[in-house]
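The numbering of the sequence shown is the numbering used here, which starts it at 354 and goes up by one. Note that beta-carbon positions come from the ideal geometry of N, C-alpha and C, so glycine has one too.
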Amino acid sequence: FQLSFILVNAFYIPVTVKQGREKLRELFMKNKHVTDIRAIDMLVIKGQMDLVETANIWKQRNHVMMFFKDTVNPKPTDFLSKFYEGND
Numbered sequence: 354f355q356l357s358f359i360l361v362n363a364f365y366i367p368v369t370v371k372q373g374r375e376k377l378r379e380l381f382m383k384n385k386h387v388t389d390i391r392a393i394d395m396l397v398i399k400g401q402m403d404l405v406e407t408a409n410i411w412k413q414r415n416h417v418m419m420f421f422k423d424t425v426n427p428k429p430t431d432f433l434s435k436f437y438e439g440n441d
């Protein structure tokens, strides 16, 4: 499967293949509401172009890592949460 080659061999991304598949599924599900055939064709073509660029290593490691952004916890807003966090 091409995903394991891309993550492990080509870019040395510190994520598992399972995490890569979950991220790929998330990207597909983001557009599940699209029903217009022209928009679907455009999304398919963009996805194929992205896959070719990644598989041919035309992208750099940081471009691939952008898909795996760290989640940022929101800063506390109320007094007690700030107090527990140690913020002023």
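Item	Value
When Leu380, Gln372, Ala392, Ile390 are compared against Leu404, the one with the closest alpha-carbon	Leu380
C-alpha distance - Phe419 paired with Ile359, whole-angstrom precision	It should be noted that the sequence gives Met, not Phe, for residue 419. Near 14 Å, if we compare the C-alpha coordinates of Ile359 and Met419.
Contacts around Gln413, its chain only, beta-carbon distance under 7 Å, and the 5 residues preceding and following it disregarded	none
Outcome for Val417 when other beta-carbon atoms lying within 10 angstroms are tallied against a minimum of 16	buried
Proximity of Ala363 and Ile393 at Cβ, strictly below 8 Å	no
Beta-carbon spacing of Leu356, Arg374 below 8 Å	yes
For Phe421 and Lys383, believed in contact at Cβ under 8 Å, the rounded distance	Not a contact, Cβ separation roughly 15 Å.
Three-state class that DSSP yields for Ile390 in the structure shown	helix
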